[in-house]
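The next block holds one structure in the form of structure tokens; read it before the comments.
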Amino acid sequence: MITLALSKGRIFEDSLPLLAAAGIEVLDDPEKSRKLILSTSRPDLRVVLVRATDVPTYVQYGGADLGVAGKDVLLEHGEQGLYQPLDLKIARCRMSVAVREDFDYAAAVRQGSRIRVATKYTQIARQHFSDKGVHVDLIKLYGSMELAPLTGLADAIVDLVSTGSTLKANHLLEVERIMDISSRLVVNQAALKLQREPIRALIDAFASAVQP
Ligand code: PRT
Ligand code: MG
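In the numbering used here, the protein residues as written are -10 to 201.
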């Protein structure tokens, strides 16, 4: 049995066409059922539904043989021990720095001020500001980063942006793009050795279905 870890929502939705191209249909709809283990049209392949941030953990420790996870999640989790054979180019967005419309970010950087940055992505943010030589105090949050600059908790946030409408609705400005983000196929190293042929075949099928 091969176990594929997916998270509900955009990663599950965007993975369906890739699975379909590999001739695989998921037999349950996670929005309608409460099942966490879903059967597929292939008797030797099942899908497990986990939190997006738990996908690397499942794959690393063999709770799943493969998984789909955002580059953001992989960078925060740490990529050691995870084989990443494919950029699936789904769930695309970017990691950016945003500030309140009335905060002069460029001036703060120029003057070498300490900037208070709220984020869920502390590893990515730490690396980014250290590369730029900008002094920051990082404040770890678990949700709704957009609120932090509005309440005075922070000067800036580091968050994912896709359409930009969340920033706009909260009067925040995107002042720096840190990196483009998309979801990757991750594979457990031991599974790749033990089930080499079926896993290789799956990777190849996904690879030929990736949209440029
Ligand atoms: O939602 P939950 O707390 O269960 O977990 P999660 O947020 O980790 O999962 P999910 O499904 O929301 O995101 C899974 C992956 O999708 C992320 O790890 C990213 O790689 C990718 N992705 C792509 C995004 C977005 N686009 C995105 N827009 N993840 C989050 N967002 C959020 C963003 O954080 C911000 O709050 O959407 C808001 C901005 O969207 P726009 O369109 O208004 O700019
Ligand atoms: Mg989310």
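From the three backbone atoms N, C-alpha and C, an ideal C-beta is built for every residue, glycine too.
Apply the 10 Å Cβ neighbour rule to residue i and answer buried if 16 or more other Cβ atoms are within range, or exposed otherwise.
i        : result
ASP144   : buried
GLN73    : exposed
ASP54    : buried
ILE26    : exposed
THR140   : exposed
MET(-10) : exposed
HIS66    : buried
SER22    : exposed
HIS160   : exposed
GLY70    : exposed
LEU16    : exposed
ALA96    : exposed
GLY101   : exposed
LEU202   : With the chain covering -10 to 201 only, the question about residue 202 has no answer from this structure.
Return the chain-ordered list of same chain residues with a C-beta closer than 8 Å to the C-beta of residue i, the five sequence neighbours on each side being excluded.
i      : result
VAL199 : LEU7, LEU75, ASP76, LEU77 and LYS78
What is the DSSP secondary structure of residue i, reduced to helix, strand or coil?
i       : result
ASP193  : helix
ILE13   : coil
LEU7    : helix
LEU25   : coil
LYS(-3) : coil
ASP18   : coil
LEU136  : helix
Give me the Cα-Cα distance between residue i and residue j, rounded to the nearest whole angstrom.
i      : j      : result
GLU90  : LEU162 : 6 Å
LEU142 : ALA107 : 8 Å
SER119 : VAL88  : 19 Å
VAL48  : VAL176 : 6 Å
LEU174 : ALA194 : 12 Å
LEU127 : ARG105 : 6 Å
GLY52  : ALA58  : 15 Å
LEU63  : LYS129 : 17 Å
GLY132 : LEU38  : 21 Å
PRO19  : LYS121 : 42 Å
LEU5   : VAL98  : 43 Å
SER154 : VAL86  : 15 Å
ARG103 : ALA137 : 16 Å
Excluding the 5 residues preceding and the 5 following residue i in the sequence, name in chain order all residues of the same chain whose CB lies nearer than 7 Å to its CB.
i     : result
MET84 : ASP61, TYR110, ILE113, VAL147, LEU149, ILE167, MET168 and ILE170
Is residue i near the ligand NAP, judged by its Cβ being under 7 Å from some heavy atom?
i     : result
THR42 : Of the ligands one can find in the structure shown, namely the ligand PRT and the ligand MG, none is the ligand NAP.
If I measure Cβ to Cβ from residue i and keep anything under 6 Å in the same chain, skipping five residues before and after, which residues do I get?
i      : result
PHE92  : ASP144
ILE192 : PRO74
Any C-beta of chain D sitting closer than 8 Å to the C-beta of residue i?
i      : result
LYS129 : Among the chains in the structure shown there is no chain D, since it carries only a single protein chain.
Those runs of the beta strand (DSSP E) which lie wholly inside the stretch 33 to 117 and span at least 3 residues: 34 to 38, 55 to 59, 71 to 76, 82 to 89 and 104 to 108
Runs of 3 residues minimum, wholly inside the stretch 140 to 187: which ones carry the beta strand (DSSP E) assignment? 145 to 150, 161 to 170 and 172 to 177
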